[in-house]
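The structure under discussion appears below in the form of structure tokens.
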Amino acid sequence: MIEPGKKMTLYVSGRTEHGVYLSENAGGKNHGAEEVLLPKNQAGDAGIGDKMEVFIYRDSMDRLIATVRTPLIMLGEVKLLRVAAVEKPGAFVDWGLEKDLLLPYAEQTKKVEPGEEVLVSLYVDKSGRLCLTMNVYNALSCDSPYKKDDKVTGRVYQISERFGAFVAVDDKYSALVPAKEVFCLRVGQTIEARVTDVRDDGKLTLSAREKAYIQMDADAEHVLSVIDSYDGVLPFSDSASPEVIKRELGMSKNAFKRAVGRLYKERRIIIEEKSIRKIK
Numbered sequence: 216m217i218e219p220g221k222k223m224t225l226y227v228s229g230r231t232e233h234g235v236y237l238s239e240n241a242g243g244k245n246h247g248a249e250e251v252l253l254p255k256n257q258a259g260d261a262g263i264g265d266k267m268e269v270f271i272y273r274d275s276m277d278r279l280i281a282t283v284r285t286p287l288i289m290l291g292e293v294k295l296l297r298v299a300a301v302e303k304p305g306a307f308v309d310w311g312l313e314k315d316l317l318l319p320y321a322e323q324t325k326k327v328e329p330g331e332e333v334l335v336s337l338y339v340d341k342s343g344r345l346c347l348t349m350n351v352y353n354a355l356s357c358d359s360p361y362k363k364d365d366k367v368t369g370r371v372y373q374i375s376e377r378f379g380a381f382v383a384v385d386d387k388y389s390a391l392v393p394a395k396e397v398f399c400l401r402v403g404q405t406i407e408a409r410v411t412d413v414r415d416d417g418k419l420t421l422s423a424r425e426k427a428y429i430q431m432d433a434d435a436e437h438v439l440s441v442i443d444s445y446d447g448v449l450p451f452s453d454s455a456s457p458e459v460i461k462r463e464l465g466m467s468k469n470a471f472k473r474a475v476g477r478l479y480k481e482r483r484i485i486i487e488e489k490s491i492r493k494i495k
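First residue of the sequence shown: 216, per the numbering used here; consecutive thereafter.
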């Protein structure tokens, strides 16, 4: 069966003024086989019975067609591709062939803009057309070479309030930053992270933060910089709600309290009932 989205080795089964017909056997329709056209400008001097490796997709008239060109993405792959245009049906993405490929609005995990690079996977929709999706979860690999405490680079491709930030490590491996650690992350952002767990199914659990005793120094300096932005007096203390702390400092309440405790012990701040004051 000739299927879109795949590379196939087919036989030249006939010629026409528009190119050559390819089929899974050299007999083509004479033997009941399905055929697909390879346009004349790509057919060269191919003769009946010759084998050719081609990629199958649909042209602007929605007809199956073959090309000897290799697209930038194939079925099941995850690739970083550039948005060519944004129109009513969705975004159109350059995938290396004449006709840009549709990234429907329903398959976007954030609004995209022309010229932007997006991490996508190729799939066949219900009508048999090739489309792209930014929800690449099912296309990512679960056999990464990484182990606990390894440092990795990943791209955030979706954020869930319930689960956290879904990340493609090396744009290839499945990973998650748990919701309790998601602060100021956004879809499309590239992050440096630490592997905190390799699950039984091979998926990685990540933290964008260092181990607590290492992270505390950076957190303490960050808290001081925020206090400075308030002219030396933070208008809430370490008893503030987690929501306020996350909004103002982009960190968890526990991390904030650890950082404040460090600064207090170093006598760099004074903790008051409803504020924290920097010692000058």
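Ideal placement from N, C-alpha and C gives every residue a C-beta, glycine not left out.
Relative to the C-alpha of residue i, which candidate in the options has its C-alpha closest?
i: Gly476; options: Lys362, Val438, Leu237 and Ser444; result: Val438
i: Lys362; options: Leu252, Arg424, Lys418 and Asn256; result: Lys418
i: Asn353; options: Phe381, Arg377 and Gly259; result: Phe381
i: Ala394; options: Ala383, Arg377, Ile406 and Lys387; result: Arg377
i: Asp446; options: Asp385, Val384 and Ile494; result: Ile494
i: Cys357; options: Lys303, Gln257, Val339 and Asp385; result: Asp385
i: Leu290; options: Ile374, Cys346 and Ser422; result: Cys346
i: Leu355; options: Tyr388, Glu436, Gly330 and Asp364; result: Tyr388
i: Glu292; options: Ala383, Pro360 and Ser454; result: Ala383
i: Val227; options: Arg492, Asp265 and Pro219; result: Asp265
Just the C-alpha distance for residue i and residue j, rounded to the nearest angstrom, thanks.
i: Val392; j: Thr282; result: 40 Å
i: Arg284; j: Asp315; result: 14 Å
i: Val441; j: Arg370; result: 27 Å
i: Val301; j: Arg344; result: 19 Å
i: Val458; j: Lys480; result: Checking the sequence shown, residue 458 turns out to be Glu, not Val. Using only the alpha carbons, I get a separation of about 25 Å.
i: Val333; j: Glu487; result: 47 Å
i: Gly229; j: Gly379; result: 54 Å
i: Val402; j: Ala306; result: 16 Å
i: Val410; j: Glu328; result: 31 Å
i: Asp453; j: Val367; result: 32 Å
i: Gly262; j: Lys221; result: 23 Å
i: Gly259; j: Leu253; result: 10 Å
i: Val235; j: Leu296; result: 31 Å
i: Ala470; j: Val335; result: 34 Å
i: Ser359; j: Leu225; result: 34 Å
i: Cys399; j: Tyr372; result: 14 Å
Under a Cβ-count criterion, where at least 16 other Cβ atoms within 10 Å of its own Cβ denotes burial, should residue i be classed as buried or exposed?
i: Met466; result: buried
i: Tyr320; result: exposed
i: Arg482; result: exposed
i: Val448; result: exposed
i: Val185; result: The chain is shown only over 216 to 495; residue 185 falls outside these bounds and no answer can be derived.
i: Val339; result: exposed
In the DSSP assignment, what residue or residues form a beta bridge with residue i?
i: Pro319; result: Gly305
i: Gln373; result: Phe381
i: Gly264; result: None, per the DSSP bridge assignment.
i: Asp412; result: Thr420
i: Gly229; result: Tyr236
i: Glu250; result: Ser238
Could you pull out every residue in the same chain whose Cβ sits closer than 8 Å to the Cβ of residue i, ignoring the five residues on either side in sequence?
i: Glu249; result: Met216, Ile217, Ser238 and Glu239
i: Asp277; result: Arg344
i: Pro450; result: Lys489 and Ser490
i: Glu232; result: Lys255
i: Leu478; result: Ala435, Val438, Leu439 and Ile484
i: Ala474; result: Met431, Asp434, Ala435, His437, Val438 and Met466
i: Asp412; result: Lys363, Leu419 and Thr420
i: Val397; result: Ile374, Gly379 and Ala380
Only counting the same chain, and skipping five residues up and downstream in sequence, which positions put a Cβ closer than 6 Å to that of residue i?
i: Ile288; result: Lys294, Trp310 and Leu337
i: Gln323; result: Met349
i: Val251; result: Ile217, Leu237, Leu279 and Ala281
i: Lys468; result: Pro457 and Ile460
I want to check one thing, is the minimum distance from the CB of residue i to the heavy atoms of the ligand ADP below 7 Å?
i: Leu317; result: Among the ligands in the structure shown, none appear at all, so the ligand ADP cannot be discussed.
Please list, in chain order, all residues of the same chain as residue i whose beta carbon is under 7 Å from its beta carbon, the five residues on each side excluded.
i: Met223; result: Ile217, Val269 and Ile271
i: Leu312; result: Tyr272, Thr282, Arg284 and Pro286
i: Lys341; result: none
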